[in-house]
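Here the protein sequences line up with chains X and R, keeping their order. Each number in the working numbering corresponds to the 1-based position in the first sequence with 28 added. Each number in the working numbering corresponds to the 1-based position in the second sequence with 5 added.
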Amino acid sequence: MIQNLPWLFLLLPLLAAVIDWVVFRKCSKCAAALSILSVAATFALCVAYLCGLQTGTPGIYTWMPVAAAQLSLHMGLVLDPLAMRMMLVVTGIGLLVHIFSIGYMKGDPSNLSRYFAGLSIFMFSMTCIVLADNLAMTFIGWEMVGFSSYLLIGHWFDKASAADAAKKAFITNRVGDFGFLIGILLTLGVFGSLNFADMGAKAAGIAPAILTATVLFLFCGAVGKSAQFPLHVWLPDAMEGPTPVSALIHAATMVAAGVYMLVRLQVAMGEAAFTGTACNVIATVGAITAVLAALMAVQQDDIKRVLAYSTLSQLGYMVMAVGLLAGEAAMFHLYTHAWFKALLFLGAGAIIICCHHEQDIWKMGGLAKRMPLTVLCFLMGTCALIAVPGFSGFFSKEAILDAALEQNPVFFWVGAGVAALTTFYMARLCLVAFCGSARAHGAEHAKEACPTMLLPLLVLAVMAIISGYGFAADSLVPFEGFHAHGFALGLPFYAGMGALALGLLLAFALYGCGKRSKDPLSGNAVSDALRNRFYIDALYDKVIIGGLQEIVAHIIEFIDAAVIRGLLMQGSAWLTARIGLLLSYIQGGSLRAYAFVCGFGLLILIFLLAFNL
Amino acid sequence: MLIWLILIPVLAAACIGLLKAPGRATAAVSAVLTLVLGLTAILLPESCSDCLSTFAGAPIQFTLALPFSKIMVLLTVLVTFAAIIGMKAPDKAAERSWAVSALLLSTGALGAFMSDNIIAFYGFHELALIPTFVMIGCYGRGDRRTIAWTATLYLGLASMVLLAGLLILCTEMHAWTFSNMTAAVQAGLTPASPVLISGLLLLGFGTLVSLFPFHSWAAPAYASAPTPIAMLHAGVLKKFGLYGLFTLASVFGPQCGALFGGWNNLLLVLLLGNVLWVGYVTICQTRLDDMLGNSSVMHMGYIFLAFAALIACNGDNELAVKGASLLMLAHGLTIAMLFLLAGQIESQTKTLEMDSMGGLAQKLPTLGFLFGLAGLASVGLPLLANFAGEFSIFVSAFAGWVPTTDCICSSFGPVQICVVFALWGLVISAVYMLRAFRRIFEAEVGATSERATKLTACDLIAAWFLAFFIVLFGILPPTCL
Chain X
29 MIQNLPWLFL
39 LLPLLAAVID
49 WVVFRKCSKC
59 AAALSILSVA
69 ATFALCVAYL
79 CGLQTGTPGI
89 YTWMPVAAAQ
99 LSLHMGLVLD
109 PLAMRMMLVV
119 TGIGLLVHIF
129 SIGYMKGDPS
139 NLSRYFAGLS
149 IFMFSMTCIV
159 LADNLAMTFI
169 GWEMVGFSSY
179 LLIGHWFDKA
189 SAADAAKKAF
199 ITNRVGDFGF
209 LIGILLTLGV
219 FGSLNFADMG
229 AKAAGIAPAI
239 LTATVLFLFC
249 GAVGKSAQFP
259 LHVWLPDAME
269 GPTPVSALIH
279 AATMVAAGVY
289 MLVRLQVAMG
299 EAAFTGTACN
309 VIATVGAITA
319 VLAALMAVQQ
329 DDIKRVLAYS
339 TLSQLGYMVM
349 AVGLLAGEAA
359 MFHLYTHAWF
369 KALLFLGAGA
379 IIICCHHEQD
389 IWKMGGLAKR
399 MPLTVLCFLM
409 GTCALIAVPG
419 FSGFFSKEAI
429 LDAALEQNPV
439 FFWVGAGVAA
449 LTTFYMARLC
459 LVAFCGSARA
469 HGAEHAKEAC
479 PTMLLPLLVL
489 AVMAIISGYG
499 FAADSLVPFE
509 GFHAHGFALG
519 LPFYAGMGAL
529 ALGLLLAFAL
539 YGCGKRSKDP
549 LSGNAVSDAL
559 RNRFYIDALY
569 DKVIIGGLQE
579 IVAHIIEFID
589 AAVIRGLLMQ
599 GSAWLTARIG
609 LLLSYIQGGS
619 LRAYAFVCGF
629 GLLILIFLLA
639 FNL
Chain R
6 MLIWLILIPV
16 LAAACIGLLK
26 APGRATAAVS
36 AVLTLVLGLT
46 AILLPESCSD
56 CLSTFAGAPI
66 QFTLALPFSK
76 IMVLLTVLVT
86 FAAIIGMKAP
96 DKAAERSWAV
106 SALLLSTGAL
116 GAFMSDNIIA
126 FYGFHELALI
136 PTFVMIGCYG
146 RGDRRTIAWT
156 ATLYLGLASM
166 VLLAGLLILC
176 TEMHAWTFSN
186 MTAAVQAGLT
196 PASPVLISGL
206 LLLGFGTLVS
216 LFPFHSWAAP
226 AYASAPTPIA
236 MLHAGVLKKF
246 GLYGLFTLAS
256 VFGPQCGALF
266 GGWNNLLLVL
276 LLGNVLWVGY
286 VTICQTRLDD
296 MLGNSSVMHM
306 GYIFLAFAAL
316 IACNGDNELA
326 VKGASLLMLA
336 HGLTIAMLFL
346 LAGQIESQTK
356 TLEMDSMGGL
366 AQKLPTLGFL
376 FGLAGLASVG
386 LPLLANFAGE
396 FSIFVSAFAG
406 WVPTTDCICS
416 SFGPVQICVV
426 FALWGLVISA
436 VYMLRAFRRI
446 FEAEVGATSE
456 RATKLTACDL
466 IAAWFLAFFI
476 VLFGILPPTC
486 L
């Protein structure tokens with residue numbers, strides 16, 4: 029009995045979601061209370077496990093039993109340090125986001141029971157990915173997080189843009205899942221099992237080409253879920269959802285699931301299974317995403333969009349680290365990033381609410397004076413993101429740069445360049461939004477956020493500083509055997525500091541102390557390209573979806589209607605009718621005609637007989 | 006007691022038709038009785054069977070011992086209940102004929118799924134087709150005469166081809182029941198002309214299940230048919246063909262590869278036609294009913310995929326059988342629920358043109374929720390019924406596959422290649438289903454959605470009933486049936 033305690037990680041949020049949806053549809057307060065209770069309970073359970081609670085091996089639930097054991101599909105839990113520490117991120121940030129949501133969604137006219145049910149179903153799905161002991165269960169969680177993301181991005185579905193963004197997110201993820209599912213099926217054939225525990229033993233002795241293909245198809249899943257180039261397009265649009273959702277799902281946890289899955293596979297299959305080719309592709313995709321997204325972030329005006337592109341860019345960093353076979357560094361960065369990016373998003377949420385739903389940084393200004401505590405928290409997050417020494421992000425970024433320098437200097441310099449860009453766009457955001465004087469009515473009347481919003485911010489601000497340090501990292505860094513990264517005065521450190529200084533200098537030079545009222549960089553072709561995301565979205569919309577897919581679909585529809593239904597089906601009906609008509613002339617009932625045909629036949633017969641033919 | 010599953014709906018239909026009993030109430034009583042009786046029979050530990058009489062020297066016996074019988078009977082009684090409770094006929098006379106047709110349809114389906122005698126199995130299906138044609142012809146939407154005639158000709162021809170195949174098979178095997186045929190196979194008897202027989206069977210059964218390129222009758226027929234008929238035909242009766250194929254495959258056991266194997270590669274191509282070709286046709290539809298009709302055709306491809314995987318493994322693929330039976334059940338429930346909800350949408354907004362709708366979820370949030378649930382189930386979302394079936398089928402197609410060469414592509418067999426293409430169907434179905442949901446339920450309230458008022462209690466009962474089972478079978482797939 030007691031060994032099944034970990035199943036509560038899955039059952040509590042699922043039950044909360046169902047009850048919110050069915051019983052508390054009209055009572056949003058009850059729904060909120062129940063959801064918070066369930067996530068608090070899972071958080072407590074998670075802490076208990078991290079503190080050494082042992083309950084034995086949990087039972088498994090076989091939902092598709094077949095005689096051939098390796099094919100029977102089941103759900104089982106893995107409670108190793110990697111999983112439990114990821115759970116700490118999920119439930120910890122989940123709890124804070126739930127609490128923040130009460131303040132953020134207060135007075136919102138939409139159905140809040142639906143909102144909290146969505147959050148709970150997300151907690152369930154994410155837990156399903158984190159604790160999965162086999163790829164089939166990972167896939168169940170994978171699809172379910174996609175669904176909860178669809179639900180929550182489209183929370184305000186009466187807004188067309190939100191509904192479209194939700195649809196885009198789901199379908200783009202499905203494209204990634206197409207590859208992921210092929211990868212899962214290949215894994216089954218190649219490794220003979222979908223269980224992580226069985227993979228390691230089989231990895232040796234498989235041809236490298238086969239391993240490369242398997243790993244890369246599995247990587248497709250991560251490309252979709254972690255929004256890597258070329259499937260990154262859905263993440264910025266996902267900002268249509270409520271800000272706490274962006275913090276939890278589209279910054280801290282779900283989008284990191286791809287990185288988690290890859291690291292889990294690296295642990296399960298062994299690093300040798302990630303062949304050179306596969307690693308190069310993964311690292312390159314990560315690097316491209318990191319650079320492109322950082323460039324796009326430079327010219328965004330919407331505070332949430334800046335953060336969204338920054339998330340993309342940081343995810344690229346993590347994926348690059350996975351490709352460099354530095355799973356520890358990737359998970360370390362995932363871990364610190366989750367805290368400080370959640371902090372930045374929730375801070376942005378508080379700012380947006382306090383500025384009366386204003387998201388444009390050029391319509392803010394002077395917020396440092398009006399809401400100092402919120403801004404201070406936001407600055408803590410910024411410092412962690414731009415890797416100011418002493419903050420958590422500094423250590424994790426150093427770890428990735430270290431690994432890159434060791435493996436491949438090209439990725440090291442890409443990483444350093446992205447770090448400079450990161451510093452620049454974050455400094456731009458802070459200078460424009462917080463310094464100078466208010467540029468719009470909303471910002472003039474902004475005041476400090478309410479306690480339910482401030483409390484999570486303060487907790488996250490503390491985590492943004494300490495989560496990189498030895499005492500937090502030794503016990504909490506989600507990777508077994510990883511030692512808190514003590515930095516050494518080497519090239520990575522100097523490069524990192526150089527990037528920081530360069531970014532800050534450029535930002536101060538261009539934006540001063542918030543005196544400008546419009547972006548000096550805007551108004552040229554480069555800026556337009558950055559603002560329009562290098563026209564990649566437009567390309568997809570116009571050429572691939574609006575063009576290729578529509579044209580193919582309509583051609584097929586036309587052939588289906590014209591050839592199969594028209595020519596073959598109605599044609600054969602027409603032919604049958606004509607033949608019938610033709611034959612009906614032969615039996616018209618006219619005696620003279622019959623006599624004529626009969627006589628004619630007789631003549632031929634006589635003719636044939638007479639000439640002995 | 007199985008005989009009562011047949012007799013109750015027939016008696017109820019007779020009462021309505023001949024004695025002018027109230028249509029809906031009588032049918033509802035019959036549906037509840039068959040539901041209770043059906044569930045009891047399925048859940049009883051030992052399978053019961055009833056003997057009716059003999060035909061062609063073989064007993065006409067009803068049994069639940071055949072591998073797919075229980076799950077199909079379960080599907081039939083569930084969908085029949087929902088179809089009759091949620092029925093919305095225009096007037097009293099129409100209500101009576103709708104009720105009679107629905108009852109006869111369900112009788113035919115139950116008879117076919119429970120018959121051990123192969124000729125009775127065929128005959129019950131024919132019986133069930135008649136009300137379908139009549140209902141489309143009399144009460145259909147659009148160009149109902151043409152659509153009814155098209156469906157009649159397609160299904161009539163298919164039935165003739167099928168009958169030929171079955172007759173040759175039965176004569177060559179000297180067995181007229183499934184159980185005798187199993188015994189004959191075990192005794193080492195094999196049909197003399199397997200390619201001819203399996204060709205006729207695949208063509209006949211295939212057309213009945215709208216296998217590409219013989220699918221043109223299906224979508225218009227479903228779009229046109231009155232809601233309960235569309236629910237019962239698309240949800241239940243269409244599975245007859247697949248039921249027949251899988252039952253014969255199980256009868257032939259390890260011999261099924263020898264019987265059907267000759268056509269397997271062609272079948273793989275045709276089923277991709279269902280998934281991809283019809284999938285893209287579905288994307289183009291602008292009316293909800295056309296879209297649903299085509300999507301139902303598309304999803305048949307996955308069940309054929311399970312059949313192909315089973316044949317490729319010479320009948321030794323348990324996962325394919327279980328996946329197929331689950332997906333048949335799940336697809337039946339979801340497509341029935343979608344047609345039910347489409348009927349409700351039409352009665353609320355007086356249209357099914359998706360472009361003229363919008364924002365309906367703001368007026369009727371429950372309808373939006375239910376449609377979303379059914380739509381996502383058909384897209385294959387985990388925790389809803391279809392997922393377990395679809396996922397198992399994909400895995401089953403890779404059962405026994407091991408990379409034999411250094412290159413993935415060259416070590417793939419035809420079934421594996423087919424799966425890779427068929428997986429793209431997951432993207433296609435997400436595209437058309439989410440687009441439909443977006444157009445009908447989201448964004449600003451459209452002109453036609455303004456008319457929406459309120460769902461009736463019967464609407465809600467029927468929909469929630471199906472929704473309940475879709476969720477239940479999603480979390481606890483009934484793999485033991």
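Built from N, CA and C at the ideal position, the CB exists for glycine as well.
Own chain, CB closer than 7 Å to residue i, minus 5 neighbours either side, in chain order
i: F71(X); result: T119, G120, L123
i: L532(X); result: T451, A455
i: V145(X); result: Reading the sequence as shown, one finds Ala at residue 145(X) and not Val. Taken in chain order, the residues that qualify are A45, D48, W49, A59.
i: I564(X); result: V261
i: E395(R); result: Y307, L332, G385
Contacts around residue i, its chain only, beta-carbon distance under 6 Å, and the 5 residues preceding and following it disregarded
i: I316(X); result: F257
i: A114(R); result: T81, A133, V241, L242
i: G28(R); result: I21, E100, R101, A104
i: R561(X); result: M324
i: E290(X); result: Sequence inspection shows Leu at residue 290(X); the Glu mentioned does not correspond to that position. The residues are A250, V350.
i: A225(X); result: none
i: A88(R); result: A107, P233, M236, L237
C-alpha distance - residue i paired with residue j, whole-angstrom precision
i: P14(R); j: G337(R); result: 20 Å
i: L276(X); j: V106(X); result: 23 Å
i: L101(X); j: M92(X); result: 5 Å
i: A235(R); j: A379(R); result: 16 Å
i: G22(R); j: A98(R); result: 10 Å
i: L208(R); j: V384(R); result: 28 Å
i: A601(X); j: A153(R); result: 14 Å
i: M29(X); j: L147(X); result: 28 Å
i: P95(R); j: T232(R); result: 12 Å
i: A284(X); j: T364(X); result: 12 Å
i: G182(X); j: A191(X); result: 5 Å
i: P506(X); j: V84(R); result: The predicted position of P506(X) is uncertain, since its pLDDT is 46 and thus under 50; no value can be drawn from it.
i: C307(X); j: C423(R); result: 29 Å
i: A457(R); j: A317(R); result: 51 Å
i: F185(X); j: L179(X); result: 9 Å
Pick from the options that is closest to residue i, judged by C-alpha positions
i: A189(R); options: E177(R), P199(R), V200(R); result: E177(R)
i: F129(R); options: A156(R), I11(R), G211(R); result: I11(R)
i: G364(R); options: F309(R), Y307(R), M296(R), S454(R); result: S454(R)
i: D411(R); options: A237(X), S129(X), F198(X), N139(X); result: A237(X)
i: G269(X); options: G377(X), S254(X), N308(X); result: G377(X)
i: A107(R); options: Q349(R), T195(R), A230(R), V425(R); result: A230(R)
i: L237(R); options: A163(R), M140(R), A197(R); result: M140(R)
i: A415(X); options: H385(X), K391(X), V446(X); result: V446(X)
Cut-off 8 Å between Cβ atoms - residues of its own chain near residue i, not counting five sequence neighbours on either side
i: A448(R); result: G363, G364
i: L486(R); result: I47, K75, I76, L79, S330
Contact belief for residue i with residue j at Cβ below 8 Å, rounded distance in angstroms
i: I475(R); j: L346(R); result: Wrong, their Cβ atoms sit about 12 Å apart, outside the cutoff.
i: L277(R); j: L357(R); result: Not really, about 29 Å apart at Cβ, beyond 8 Å.
inquiry  = Can you confirm whether the segment 70 to 81 of chain R touches the segment 109 to 121 of chain R when touching is taken to mean that 3 or more C-beta pairs between the two stretches lie within less than 8 Å?
reply    = yes
ask   = Counting Cβ pairs, one atom from each stretch, are 3 or more of them under 8 Å apart for the segment 305 to 323 of chain R and the segment 609 to 617 of chain X?
value = no
query = Counting pairs of beta carbons, one from the segment 154 to 164 of chain X and one from the segment 397 to 414 of chain X, are three or more of them closer than 8 Å?
reply = no
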